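Peer 1: In my numbering, the protein residues as written are 2 to 543.
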Amino acid sequence: MSNNIVRGTMLLTGATFLSKFLGMIYVIPFQELVGDQGGTLFNFAYTPYNIFLSISTVGVPLAVSKFVSKYNSLGDYQTGMRMFRSGIMLMFVTGILAFLAMFFSAEWLARSIITSKDATQVTTEDVALVMRTVSFALLIIPAMSIVRGFFQGYQSMGPTGVSQVIEQIVRIVFLLISAFIIVKVFAGEIVTAIGFATFATFIGALASSAVLWLYWQRRKGDILKRAAQQRQAPADIPTVDLFKELFSYAGPFIIVGLATSLYQIVDMFTFERAMTDVGYEEGVWQTAYAAFNFYGHKLVIIPGTIATGLSLAILPALTKSFTENNRSQLSHQINQALQIIFVLVIPAAVGLTVLSDVAYGSLYGMEHLDITGSILGWYAPVALFFSLFTVSAAILQGINEQRFTVISLSAGLLLKILLNMSLIHTFGAKGAIFGTALAAITASSLNLWRIKRALNFSFKQTLKRGALVLIFAAIMTLVIVILKLLVGMFVPYEDSRGAAVLMLTIGVTIGGGVYLWLGYVSTLLERTLGSRVRVLDRVFKR
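(1) Between which two residues does the alpha helix (DSSP H) holding Ser497 run?
(2) State buried or exposed for Gly222, treating a residue as buried only when at least 16 other CB atoms are found within 10 Å of its CB.
(3) According to the Cβ coordinates, are Tyr78 and Gln231 closer than 7 Å?
(4) Measuring CB to CB, does Phe387 end up less than 7 Å from Gly297?
(5) Going by alpha carbons, who is nearest to Ile238 out of Val392, Ala229 and Gly81?
(6) Less than 7 Å between the C-beta atoms of Leu23 and Gln169, yes or no?
(7) Check whether the segment 141-152 touches the segment 197-209, taking contact to mean three or more Cβ pairs, one atom from each stretch, closer than 8 Å.
(8) Taking the alpha-carbon positions, what's the Asp127 to Val171 distance?
(9) Please state if the CB of Ala180 and the CB of Ala201 are separated by a distance shorter than 7 Å.
(10) Can you tell me whether DSSP reads Thr202 as helix, strand or coil?
(11) Between which two residues does the alpha helix (DSSP H) containing Asn448 stretch?
(12) Beta-carbon within less than 7 Å of Ser3's beta-carbon, same chain only, minus the 5 sequence neighbours each way: which residues are those?
(13) Would you call the CB atoms of Tyr264 and Thr437 closer than 7 Å?
(14) Quick one: what does DSSP say Met2 is sitting in, helix, strand or coil?
(15) Give the list of continuous alpha helix (DSSP H) stretches no shorter than 4 residues that lie fully inside the segment 333-415.
(16) Does Leu414 pass the burial test, meaning 16 or more other C-beta atoms within 10 Å, or should it be called exposed?
(17) Helix or strand or just coil, what does DSSP make of Ser179?
(18) Rounded to whole angstroms, how far is the Cβ of Met92 from the Cβ of Phe68, which I believe are closer than 8 Å?
(19) If distances are taken between C-alpha atoms only, which option among Val509, Thr443 and Val163 comes closest to Ser20?
(20) Quick one: Cα of Gly499 to Cα of Leu331, how far?
(21) Where does Gly459 land, buried or exposed, given buried means 16+ other C-beta within 10 angstroms?
(22) With distances taken from CA atoms, which of Ser329, Leu345 and Asp268 is nearest Val48?
(23) Counting only the same chain and skipping the five closest in sequence on each side, list residues whose C-beta sits under 7 Å from that of Ile476.
(24) Applying the criterion that 16 or more other CB atoms from any shown protein chain within 10 Å of the CB defines a buried residue, is Arg133 buried or exposed?
This is the structure:
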């Protein structure tokens with residue numbers, strides 16, 4: 002089972018990573034086209050969109066994954082199919098309602114975000130426009146997500162992975178082409194380009210739906226055959242009771258899906274106000290906001306793709322082990338999930354911190370690097386706590402402790418709300434990062450405490466391997482710092498974008514290589530992933 006988790010994790014992580022990587026790469030030409038003004042507008046549209054999306058899906062797609070996995074493990078395939086059909090109809094309705102709510106509340110939201118009457122670069126009318134254009138995606142994505150959750154319940158991760166990648170590719174192609182034509186060919190306004198860029202989400206969702214439909218056509222024969230050949234009678238549960246059970250799983254999934262967006266929406270309503278209060282000009286706070294909540298965030302969530310893939314892959318397996326009361330298997334799966342996060346996310350976050358200046362400069366340009374590079378450096382470590390929250394929440398879902406995620410996230414969010422303005426007043430733009438870090442640390446720590454309490458679970462093995470990871474990450478950091486000193490003697494990577502790209506390449510290649518070598522020769526990677534890493538066998542030839 003552990004190898005199934007690893008395979009599912011690697012598939013979903015690979016697909017999610019590729020999707021996020023494309024999402025990071027397209028931002029490079031996108032930033033050249035629309036600048037910090039466009040990045041700020043783009044984020045102002047997507048943050049409330051993510052909130053409405055999470056509310057419209059009400060956590061149902063992942064809850065369907067758990068629901069189907071549970072009843073499949075009991076041999077009741079027909080009940081899973083029944084929920085699948087009902088869930089799609091529900092998501093069509095909630096998607097339409099969410100679209101209407103976002104479309105017609107856009108102007109009110111925009112006035113709440115832009116409070117300065119002197120704003121000229123980003124106005125309330127601009128923000129309302131881009132919110133309305135992105136809202137059309139809500140008509141499709143909720144129902145589409147149900148299909149992904151259904152396949153995951155069968156521990157089939159391919160449809161989710163492939164559809165994510167196709168959705169991202171189509172979205173990015175439409176986004177970049179439309180922005181280029183508007184800005185460069187017709188010399189149009191930035192706000193028009195951002196309007197088309199946000200509408201690209203709707204186009205990508207159409208492409209993803211087409212991919213999932215093809216998967217369904219190929220696999221429905223086998224799925225329907227299982228249901229038809231079911232030996233036992235399906236569970237005699239009224240539809241109302243089925244939905245009650247589903248929503249008992251689904252509620253906390255809303256919280257998990259909303260986590261990062263909720264932190265961002267606090268910044269969206271407080272950042273401009275707090276930065277203006279302490280005397281920062283419009284151009285400065287826009288640069289800082291774009292670096293933190295849009296351009297920099299694209300880099301920080303890359304390590305988090307591991308957690309996203311892992312949480313999607315582990316939930317059906319954990320549910321099965323818990324339903325069968327296989328406690329030894331359950332304990333092993335939880336340990337493995339947490340160790341994968343430590344082994345893969347910690348070095349990525351540490352490396353991004355050390356290389357933050359050259360990473361931001363390489364991808365988004367050297368302008369204002371004293372602000373943007375520093376912001377990314379402070380923000381990068383938060384990736385670990387985002388990841389821990391995502392995976393620990395999935396574990397709580399698997400052991401029927403999902404309600405606690407509401408408490409943990411609420412505690413973190415309350416800290417963010419109460420302290421965000423004060424932290425920004427005290428530390429400037431970095432204060433918003435500190436607020437998010439405090440919130441994520443609080444939420445993830447509470448989740449881990451609940452896992453220990455509910456299962457009498459021991460973190461001893463995980464902490465031992467975590468300590469080893471920190472030692473290896475410290476060695477990697479030392480190597481990168483020495484490399485920066487040596488390369489800096491010959492290459493002006495602080496001033497030249499080309500030189501920054503060279504320094505980033507050297508740092509990632511050698512620093513990452515050192516960490517992988519240490520993890521390989523110590524058998525840390527092998528013990529964590531459950532099998533030999535064949536690619537590294539060929540590279541290091543142990």
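Yeah, the Cβ is synthetic: ideal placement off N, Cα and C, and Gly gets one too.
Keep in mind the model is a prediction, meaning the values are calculated, not measured.
Peer 2: Once the coordinates are examined:
(1) For the purposes of this step, residue 497 is identified with residue 496 of the sequence shown, where counting begins at 1. Segment: none, Ser497 is in no alpha helix (DSSP H) and carries neither H nor E.
(2) Taking the first residue of the sequence shown as 1, we reach residue 222 at position 221. Flag for Gly222 reads exposed.
(3) Along the sequence shown, one-based indexing puts residue 78 at 77. Along the sequence shown, one-based indexing puts residue 231 at 230. The answer is yes: Cβ separation under 7 Å.
(4) By 1-based counting over the sequence shown, the position of residue 387 is 386. By 1-based counting over the sequence shown, the position of residue 297 is 296. Against a cut-off of 7 Å, the Cβ pair of Gly297 and Phe387 comes out as no contact.
(5) In the sequence shown, residue 238 corresponds to position 237, counting from 1. The option with the nearest alpha carbon to Ile238 is Gly81.
(6) Taking the first residue of the sequence shown as 1, we reach residue 23 at position 22. Taking the first residue of the sequence shown as 1, we reach residue 169 at position 168. A contact, by the Cβ cut-off of 7 Å.
(7) yes
(8) For the purposes of this step, residue 127 is identified with residue 126 of the sequence shown, where counting begins at 1. For the purposes of this step, residue 171 is identified with residue 170 of the sequence shown, where counting begins at 1. Distance between the alpha carbons of Asp127 and Val171: 25 Å.
(9) In the sequence shown, residue 201 corresponds to position 200, counting from 1. In the sequence shown, residue 180 corresponds to position 179, counting from 1. Not in contact: Ala201 and Ala180 (Cβ atoms no closer than 7 Å).
(10) For this step, residue 202 is matched to residue 201 along the sequence shown. Thr202: helix per DSSP, three-state reduction.
(11) Numbered from its first residue, the sequence shown carries residue 448 at position 447. Counting along the chain, the alpha helix (DSSP H) containing Asn448 begins and ends at Lys431 to Leu456.
(12) For the purposes of this step, residue 3 is taken as the residue at position 2 of the sequence shown. Low confidence applies to Ser3: its pLDDT is 49, below 50, so where it sits in the model is not reliable enough to give any reading.
(13) Within the sequence shown, numbered from 1, the residue matching residue 264 stands at position 263. Within the sequence shown, numbered from 1, the residue matching residue 437 stands at position 436. Yes, the Cβ-Cβ distance between Tyr264 and Thr437 is below 7 Å.
(14) Position 1 of the sequence shown, counted from the start, is the residue given in the question as residue 2. Confidence in Met2 is poor, its pLDDT being 41 and thus under 50, which makes the residue's placement unreliable; the coordinate value appears in the next sentence. In this structure, Met2 counts as coil in the three-state DSSP scheme.
(15) 357-365, 370-380 and 383-399
(16) Start at 1 with the first residue of the sequence shown, and residue 414 comes out as number 413. Classification for Leu414: buried.
(17) For the purposes of this step, residue 179 is taken as the residue at position 178 of the sequence shown. DSSP places Ser179 in helix when its eight states are reduced to three.
(18) Looking up residue 92 in the sequence shown gives position 91. Looking up residue 68 in the sequence shown gives position 67. Not confirmed; about 14 Å, so no contact.
(19) The residue you call residue 20 lines up with position 19 of the sequence shown. Residue Val163 is the option with its Cα nearest to Ser20.
(20) As a first step, residue 499 must be located in the sequence shown, where it is residue number 498. As a first step, residue 331 must be located in the sequence shown, where it is residue number 330. Looking at the two C-alpha atoms, the distance is approximately 49 Å.
(21) Numbered from 1 along the sequence shown, position 458 holds the residue referred to as residue 459. Inspection of the sequence shows that residue 459 is occupied by Ser rather than by Gly. Under this definition Ser459 is an exposed residue.
(22) By 1-based counting over the sequence shown, the position of residue 48 is 47. Reading off the sequence shown, one finds Thr at residue 48, where the question assumed Val. Nearest option by C-alpha distance: Asp268.
(23) Sequence index remark: in the sequence shown, residue 476 carries index 475 (1-based). The answer, listed in chain order, is Val515 and Leu519.
(24) Mapped onto the sequence shown, residue 133 falls at position 132. So Arg133 counts as buried.
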